[in-house]
Amino acid sequence: MELKLYNTLTNKKEIFKPIEPGKVKIYTCGVTVYDHCHLGHARGSINFDVMRNVFKALGYEVTYVKNYTDIDDKMIKRSLERRIPIAELAKENIESHDKDMADLGVNPPDQAPKATDYIDDMIEITRKLVEKGYAYESNGTVFFRVRKFDEYGKLSGKNIDDLMSGIRVEIDSDKEDALDFALWKAAKPGEPTWESPWGPGRPGWHIECSVMSKHYLGETFDIHTGGSDLIFPHHENEIAQSECANDKPYANYWLHNGMIKIRSQKMSKSLGNFATIKDLVKQYQPELIRFFTLSAQYRQSLDFNHEALAKSAEGLDRIYGAMEKYLSVAPREQLENSRNKSILIQSEIDTFLEAMCDDLNSPKAIAVLFELTRKLNSLEASSDEAGAVYGTLLHLGEILGLLRIPADQWFKTPRIRTIAASNEGLSDDEIDSLIDQRNQARKGKNWELADKIRNQLQDASIVLEDRDGKTVWRRK
Ligand SMILES: [Zn+2]
3 MELKLYNTLT NKKEIFKPIE PGKVKIYTCG VTVYDHCHLG HARGSINFDV MRNVFKALGY
63 EVTYVKNYTD IDDKMIKRSL ERRIPIAELA KENIESHDKD MADLGVNPPD QAPKATDYID
123 DMIEITRKLV EKGYAYESNG TVFFRVRKFD EYGKLSGKNI DDLMSGIRVE IDSDKEDALD
183 FALWKAAKPG EPTWESPWGP GRPGWHIECS VMSKHYLGET FDIHTGGSDL IFPHHENEIA
243 QSECANDKPY ANYWLHNGMI KIRSQKMSKS LGNFATIKDL VKQYQPELIR FFTLSAQYRQ
303 SLDFNHEALA KSAEGLDRIY GAMEKYLSVA PREQLENSRN KSILIQSEID TFLEAMCDDL
363 NSPKAIAVLF ELTRKLNSLE ASSDEAGAVY GTLLHLGEIL GLLRIPADQW FKTPRIRTIA
423 ASNEGLSDDE IDSLIDQRNQ ARKGKNWELA DKIRNQLQDA SIVLEDRDGK TVWRRK
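According to my numbering, the sequence shown holds residues 3 to 478 in order.
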């Protein structure tokens, strides 16, 4: 199956051709670990996690690298504000990031380098760029000579003149040209520094990614990903540094995910519509956030609002509902076969993968899950076909990182928690015990008590369903 990806470098959807057959090397810009991750981070991480799964499903051996930027301007500023060492700030937020990603079902990358572990390599590439005339030192800072690289602007489609008109010309600057950017920054008082041929200082942000990607993936690798807000200047500068230092193309395919809006507005702290992953997973079941994210193709902009999440919850409930019903009646042996994937429906898998191979069209792929759900509902649970449908649902869910929760458990936790929700008042054990009491009451024909318990559960937003003499419950 041919995989097509939209390449920002060529502005075209292209057939993916790996450098080495059967292998794909991917680098994605990680977070600057000065604060908790927000919804924008969740989107990129989820989208490219799914891309990685798709490559694996197509039989590729994947190497996926995502870094931590643990030294840059934001890190320094925040550590001074909070009066804690930068290393402590980094440690705290790396842990926070990893927890958020785990909550969202994002697999850890194969390599997760920290910028500060590669300072020597950053000095080395900077030295090389100076030696080749692509960079110059000025008062302890080393700048990249943008005009020296003819292809500057090829990723963002910006030309030097456009860029010049958008720049405020700095007076008394150490730069030869206002467009030049820092590879190495001279030490300022109170900042962490490393020794270098240009005196004490620290790396610029862009050089970090050029170095870490080369360390793990080589001078030329297959795919570089990131948010569309990183195209300029960050990715443009990565290309300039790496291609001038190595005399080779940097990344063959550049994939950029679209931005996320909150209630139609750009997410920003000053607008008060900023959502951290930590806050969101308190309100929404994490898998719901993942499902919502995948409801749009990764390049489209995505509007996060409560109504959209509620709609996603309905969709996921529909899939889980069919699975739960099937599970409660399916013959045991058939279930085993479904779980170990010995019976799957290849045509549905192909339709799903074809959608994902069309520039990761996740909404179209999710439509296959709904089609399977419809089938599962219409089939006799004991039929072999139902088992195959169930197994295929699980298998495709795995590629999207969805349906990870046992179906009967899914309905026992609220998918959306509102502040006024009262359904957290009863624990699972208390509910089970009340249901037992109700069943006893019914056996003893004490209808009054049975109804009373049912009402009590209803008031706590617990829905009861009597099925084949068994009572199942779910939270609304
Ligand atoms: Zn980067």
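Glycine is no exception: its CB is placed at the ideal position from the N, C-alpha and C atoms.
Since this is a predicted model, take the numbers as computed values, not measurements.
Beta carbon proximity, residue i to chain C, threshold 8 Å
i: G203; result: Looking at the structure shown, chain C is missing, and only one protein chain is on hand.
First through last residue of the beta strand (DSSP E) which encompasses residue i
i: Y300; result: Taken as a continuous stretch (DSSP letters only), Y300 belongs to no beta strand (DSSP E), as it is neither H nor E.
i: L185; result: F183 to A188
Reduced DSSP secondary structure (H/G/I, E/B, other) of residue i
i: W207; result: helix
i: F306; result: strand
i: H40; result: strand
i: R85; result: coil
i: D361; result: coil
i: N55; result: helix
i: I48; result: helix
i: K263; result: strand
i: I169; result: coil
i: K200; result: In the sequence under discussion, the amino acid at residue 200 is Trp, which differs from the Lys named in the question. W200: coil per DSSP, three-state reduction.
i: I421; result: Any reading at I421 is ruled out, since the residue's pLDDT is 49, under 50, leaving its predicted position unreliable.
i: Y286; result: strand
i: T394; result: helix
i: T195; result: coil
i: T353; result: helix
i: N95; result: helix
i: L404; result: coil
i: L60; result: coil
i: D281; result: helix
i: G427; result: coil
i: A180; result: coil
i: E90; result: helix
i: K160; result: coil
i: S212; result: helix
i: L346; result: coil
Continuous alpha helix (DSSP H) stretch holding residue i: start and end
i: K27; result: Not the alpha helix (DSSP H): K27 falls in the beta strand (DSSP E), residues K25 to T30.
i: S364; result: S364 to S380
i: I233; result: Careful: I233 lies outside any alpha helix (DSSP H) and carries neither H nor E.
i: I437; result: D430 to K445
i: A383; result: No alpha helix (DSSP H) holds A383; DSSP gives it neither H nor E.
i: F276; result: Premise fails: F276 is in no alpha helix (DSSP H) and is neither H nor E.
i: K454; result: W449 to D461
i: E245; result: E238 to N248
i: D410; result: A409 to W412
Residues that DSSP places opposite residue i in a beta bridge
i: V67; result: Y29 and Q113
i: F223; result: A253
i: W475; result: L466
i: E16; result: L7
i: G228; result: H258
i: K268; result: K263
i: T34; result: T71
CA-to-CA distance, residue j to residue i, given in whole angstroms
i: M103; j: F50; result: 12 Å
i: G159; j: L82; result: 37 Å
i: P194; j: G168; result: 32 Å
i: W256; j: N161; result: 19 Å
i: N69; j: A114; result: 5 Å
i: L378; j: L355; result: 20 Å
i: K14; j: S463; result: 50 Å
i: V331; j: A312; result: 29 Å
i: I345; j: V391; result: 9 Å
i: N425; j: F372; result: Note that N425 has pLDDT 44, beneath the 50 cutoff, so the model's placement of it is unreliable and no number is given.
i: E16; j: H397; result: 27 Å
i: N254; j: T12; result: 10 Å
i: K58; j: D360; result: 16 Å
i: A483; j: P110; result: Because residue 483 is not part of the residues shown, which for the chain are 3 to 478, the question remains open.
i: K79; j: I73; result: 10 Å
i: M325; j: A409; result: 6 Å
i: Y66; j: V108; result: 12 Å
i: K187; j: D305; result: 38 Å
i: H38; j: K472; result: 45 Å
i: G155; j: G317; result: 42 Å
i: A423; j: G192; result: Because A423 sits at a pLDDT of 47, beneath the cut-off of 50, its placement in the model cannot be relied upon, and the point is left open.
i: P365; j: L428; result: 36 Å
i: A137; j: L181; result: 12 Å
i: R419; j: G46; result: 25 Å
i: P199; j: T353; result: 57 Å
What are the start and end residues of each continuous beta strand (DSSP E) run of 3 or more residues lying completely inside the region 98-158, in chain order?
Qualifying beta strand (DSSP E) stretches, in chain order: 137-140 and 143-146.
Every unbroken alpha helix (DSSP H) within the region 314-342, with a cutoff of 4 residues, ordered by chain
Counting only runs of at least 4 residues, the region 314-342 fully encloses the following alpha helix (DSSP H) elements, listed from N- to C-terminal order: 334-341.
Beta carbon shell of ligand 3 at less than 5 Å from a heavy atom:
In the structure shown, ligand 3 is absent; the only ligands present are ligand 1.
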